[in-house]
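Peer 1:
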Amino acid sequence: MSTDLTFITNEPGKSLRDRFGVLLEDDTRFFDCLVGYFFISGFYKLYPFLETVEKIRILVGLQTDRTAYELIQKAKEQGELNLKSHATAIEQVSKNVLGELERSADSAEIETGVHKFVEWVRSKKLEIRAHPSENLHAKVYIMTFAEGDRDKGRVITGSSNLTQAGLQDNLEFNVELKNPYDYQFAIDKFNELWRVAVDVSKPYEDTILNKSPYAQFTPYELYLKFLYEYFRSELSRPAELDDIYVPAGFMKLKYQEEAVLNARKVLDEYGGAFLSDVVGLGKTYMSALLAQQLDGRNLVIAPPHLLDRDIKGSWPNVFSDFQVRQTDFESIGMLDHLLKRDISKYTNVFIDESHRFRTETTQSYEALARICRGKRVILVSATPLNNTPRDILSQVKLFQIGKASTIPNLRNLEAFFTGLEKNLKGLDRQHDRELYFQAIQANAKATRENVLKYLMIRRTRTEIEKYYGEDMKQQGLKFPHVEDPEPLFYKFSKRENEIFDKTIRLLIAEFKYARYRPLTYYEGRRTEQELQGQRNLAKFMKILMVKRLESSFHAFRLTLDRFIHSYERVIAEFKRGNVYISKKHIHKIFEALDAGNHEAIERLLEAEKAEWLSAEDFSASFLPDLESDHKILLQVQELWAEVGRDPKWEAFREVLKLQPKLKNGKLIIFSESQETASYLADRIAKEVEPKVILYTGQAGEATHRDVIANFDANAFHPRDDYRILVSTEVLSEGVNLHRSNIVINYDIPWNPTRLIQRVGRVNRVDTKFDTIHTYTFFPTEESNDLIKLKEAAEAKIHAFIEMLGADARLLTEGEEIKSHDLFARLTSRKTITGEDEEEESELEYLTEIRDIRDKKPDLFARIKSLPKKARSTRMLPPAAENVAQFPALLTYFRKGRLDKFYLAATGASDPAELDFMTAVKILRPADPSEPLQTIPPDFYAFLDRNKAAFAADTSPAEEDASPRYGGSAHDAYLLKRLKAREIRRYQGFTEDDEAYIQQVIQLLTDGALPKPTTKKVAAALKKESEPLRVLGILKRDIAAQFFQPTRAQGTSQAQAPREVILSSYLVETK
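Counting from 1, position 571 in the sequence shown corresponds to residue 570 in numbering that gives the first Met the number 0; the numbering is continuous, with no gaps.
1. Can you check which of these residues, Pro302, Ser40, His136 and Val245, is closest to Glu732 by C-alpha distance?
2. In the DSSP assignment, find the beta strand (DSSP E) that holds Gly468 and state where it starts and stops.
3. Here's the rule: buried if 16 or more other CB atoms are within 10 angstroms of the residue's CB, otherwise exposed. What is Arg568?
4. What first and last residue would you give for the beta strand (DSSP E) that runs through Ala403?
5. Can you give me the C-alpha to C-alpha distance between Asp593 and Ala537, rounded to a whole angstrom?
6. Three-state secondary structure (DSSP) at His304?
7. Around the C-beta of Glu119, are 16 or more other C-beta atoms found within 10 angstroms, so that it is buried, or is it exposed?
8. Beta-carbon separation of Pro407 and Leu897 under 9 Å?
9. With contact counted as at least three CB pairs below 8 Å, one residue from each stretch, are the segment 561 to 575 and the segment 687 to 694 in contact?
10. Once you ignore the five residues that flank Glu79 on each side, which residues in its own chain have a CB closer than 6 Å to its CB?
11. On the three-state DSSP scale, how would you describe Phe172?
12. Please report the straight-line C-alpha distance between Val1066 and Ile57, rounded to a whole angstrom.
13. Which term fits Lys344, buried or exposed, when burial requires 16 or more other beta carbons within 10 angstroms of its beta carbon?
14. Using three-state DSSP, classify Ser613 as helix, strand or coil.
15. Please list, in chain order, all residues of the same chain as Glu674 whose beta carbon is under 6 Å from its beta carbon, the five residues on each side excluded.
16. Determine the contact status of Ala1064 and Phe949, defining contact as a CB-CB distance below 9 Å.
17. On the DSSP letters alone, give me the boundaries of the alpha helix (DSSP H) that Ala918 sits inside.
18. Suppose the cutoff is 7 Å on Cβ atoms and the five residues either side in sequence are ignored; what does the same chain contact list for Leu392 look like?
19. Checking the sheet assignment: what are the DSSP bridge partners for Val1066?
20. Leu655 by DSSP, collapsed to three states: which one?
21. Nearest-angstrom Cα distance between Val52 and Thr27?
22. Which residue from Lys863, Val277 and Ser1024 puts its Cα closest to that of Arg757?
23. So, Leu49 versus Leu23, is the Cβ gap smaller than 9 Å?
24. When DSSP builds the beta bridges, which residues end up paired with Ala887?
25. Hey, would you say Gly152 sits closer than 9 Å to Ile186, going by beta carbons?
26. What's the call for Lys44, buried or exposed, on a 16-neighbour Cβ count within 10 Å?
27. Contact between the segment 129 to 145 and the segment 189 to 208: three or more CB pairs below 8 Å?
28. For Tyr579, which beta-bridge partners are listed by DSSP?
29. Pull up the DSSP beta-bridge partners for Cys32, would you.
30. Can you tell me where the beta strand (DSSP E) with His553 in it begins and where it stops?
31. Using 8 Å as the threshold, is the segment 760 to 774 in touch with the segment 844 to 864, meaning 3 or more CB pairs across them?
32. Closest by CA to Asp628, which one among Gly576, Thr461, Ala640 and Ala513?
33. Does the distance from the CB of Ile456 to the CB of Ala290 come in under 9 Å?
34. Pick helix, strand or coil for Arg1009, following the three-state DSSP scheme.
35. Is Asn1119 helix, strand or coil by DSSP?
36. Apply the 10 Å Cβ neighbour rule to Lys177 and answer buried if 16 or more other Cβ atoms are within range, or exposed otherwise.
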């Protein structure tokens, strides 16, 4: 089809590219372009037709602004007198060119076209000038034919730019002028404009060769660019806090300032932050410094003993010392009281020991969610993740919306954490052991990489010493050395060992705990929730017996006697035809379980006969199972009647009297059991040291102040009345006991987090001790060989955990620990310092790029100026050998605040997503002088694969299209009810009522209501169908605070563009 047409529209057979092909390839000697914008990236579509053209002139207008033009022109007129102005103008031209190339598509054809453009500029075949007029919008293309041709030339003018869209894809309207008069007018006008234009060919060439994505960058430069981009926000933060006040006697520590700067940035972006440095690093002081930097009134919620103004390190005193005004303080247990006041006056909420709110089904969590909505939330906890990843979810939801979060690429938090739970489904803890623990570790990593990296400030002592060591040295601060925890063994005789092992076997394998799960035998109506609650209670009572047995023979005998008495009462009542179920106390029981108060559980179980059921309505197996359990209890009681001594106490008494470190220093002794603690304090006072004090949950205020005066190094009125403190878990958090440097665990802290918290009481940032000592008791068999003692102790622990099977999670309080790992973790200093859970630190790389910025400013400026889509080639490093085969391409992408890294490799069907640590090790050259390798043609094929993977991972997820995914059954029920026809079409609602119901629907869709609220509303609506009463229930039971937006809402990155930051092509190591 002929292209010789007057009008060129890019319709089939009428494209401008095709017409240029005919006119340029054979006939044209000179090609002149007058365009408002010139797109180098579109040059590839035209250059094949220009190979035979003798001269190309391109005149641009809008792309180079008037200021740049005038600066260049002035510099030319004044020569070297105005080099600064000339440099500024050239920089502006370069910026425009660079911006276009960074935004252009990625293809080998475009790159070829760009290189051809540079080649012709160098040979003077192509020249480009800028005209001063900002109003130059023309698009005129003039082709001058060789002498003797049919005529002088042709002109095409119209709507098309020199881009693929303008030349071929878009519907355009261009006209070809063939009249000699039209040609002459056009060429004369072009020459007139050309004479006053400024040559910008050189800036174009320099930018492409040295600054554009097509420039050559060394592997080291690309590595530094990677660090610069990844840590860009940290690098742009102010170096110091604004208007900081540190009271006399307090150190102005760099690591604490850094934490505050980080927290302030996280708060600005996400509305909440975790301050989660390991225990003893001064998080209360950091909170006070952070409060200085925030506007508005503060609310501090903390355990009551941390609000005591008689304790120097309490929240009120620290905030007062740091001159933080406009702050109120409230106890964790007084949240309902707090809600009766005006909570709208608060802007910032600090929550100490925030891990106490890891369960979102409690009334206290619902109250806290009301208090926090619409405010900045600062969660202060060294152990925010105590059991499962859902611990984190409940705390994050205090400042983020469950299914409408602003965390990058993670809008639906509920779906994300539900997905983590699904990873464990179908895996048996015993039979699929390795796969099960691999899934646990993968879930923890996914939580860190996708959630916590954006929200949490956490450093270990090792990191702080390594990266802030110089500042610590200047301040005279030195952390104490934490010794490896030392095991203490109490040895059973052969018969005692037989009795101990048989007891464990009977209580775990044969005992049915029927007394604690009567509804599982009930043949009447019962809900699955009631059944599950009783099954759980039976499991917890099993764990209680195991823990008591390990804690002390004294506590175990008392518990055993209570069990026997309880069973005898239940059996007697059953034979009279009665079964009593106490539903009223079940929530209190589980709260006591959560708090570790096992004595309270037993009291609650015996406290009330709340509901009577007939024995006739129970299965025939209930009474035999009760009698079987009772028989086992009596059998165990008979076994223990043979044991007349307490080998654990005897071993401990000997250690206290003979161990040099324990004879004279202050000691902190922990037991989970109140009865063990009381027994221990009594025997110590009688047989070892009269200066002993007991502290349990039943202790009064006077005892608490005695503890502080004798064991807190910062006490206002220190005393020396006591040398030994025996305590339950009530003192394992939030208090300073650092006049001691020795912690003894009389019973095994089955969850290593307990060990971290306990030792954290003495391992404080301002301790005067050089070393911290920890001891833990373990049961074992008679032996004089230390190795055999350890092996026997490990075997005991293994038996405990393995016999419990899936219920072992309850023994370790939710933490998944391999049985053979627990002894090692409880005797390792890394557990205490928090380093056993830590990944490699990013601080190493942040420090590296900061040092470049501070010590090599020229190199830093060079790195900063590297373009987006920068690339390099290097030999496949050892760090990549396990994740890729050569050749491969690593690409760094960004979308808003989201950074992702992908590796497309030979032999792999799909690119692999990498975490930061893997990616940085691949990019980091061993030698900064490592040379650049040639970038091969298949670079773009690999890049396309990585881009496709990134696009797929950052597209709106299916979970967003289904708002109920990941939510609760109550949410789904309420949505169904409120969207039902009887509500939707009810004519009695006012416009305000209808708007209110839509707001509630949106809250439910977004997962913005706490579970206790939706549970309460759902229960009420199941009894009501009349629309106005339904509305009344909603208004009564949904607190007004939940209709407020969070601080983070409105900052979503969903519409942010996807960007290629850089790529590294990996080739075979030579």
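No residue lacks a Cβ here, since even glycine has one placed at the ideal position from N, Cα and C.
Peer 2: With the given structure in hand:
1. Pro302
2. Careful: Gly468 lies outside any beta strand (DSSP E), inside the alpha helix (DSSP H) at Gly468 to Gln474.
3. exposed
4. Looking at the DSSP string, Ala403 is not in any beta strand (DSSP E), and its letter there is neither H nor E.
5. Below a pLDDT of 50, predicted positions are generally treated as unreliable, and Asp593, at 46, falls in that range; the measurement from the model is reported next regardless. So the alpha carbons of these two residues sit roughly 15 Å apart.
6. helix
7. The residue asked about is misnamed: residue 119 is Trp in this sequence, not Glu. Answer is buried; the Cβ neighbour count reaches 16.
8. yes
9. no
10. The predicted position of Glu79 is uncertain, since its pLDDT is 44 and thus under 50; no value can be drawn from it.
11. coil
12. 39 Å
13. exposed
14. strand
15. Ala554 and Leu557
16. First, the amino acid is wrong: residue 1064 is Tyr here, not Ala. Taking 9 Å as the Cβ cut-off, Tyr1064 and Phe949 do not qualify as a contacting pair.
17. Phe915 to Leu922
18. Leu412 and Phe416
19. Met874
20. helix
21. 6 Å
22. Val277
23. yes
24. Ala904 and Leu1065
25. yes
26. buried
27. yes
28. Trp611
29. Ile57 and Tyr140
30. Here His553 belongs to no beta strand (DSSP E); instead the alpha helix (DSSP H) covers Phe552 to Lys574.
31. no
32. Ala513
33. no
34. Checking the displayed sequence, the identity of residue 1009 turns out to be Pro instead of Arg. It is coil, neither helix nor strand.
35. With the chain running from 0 to 1069 in the structure shown, residue 1119 is simply not present.
36. exposed
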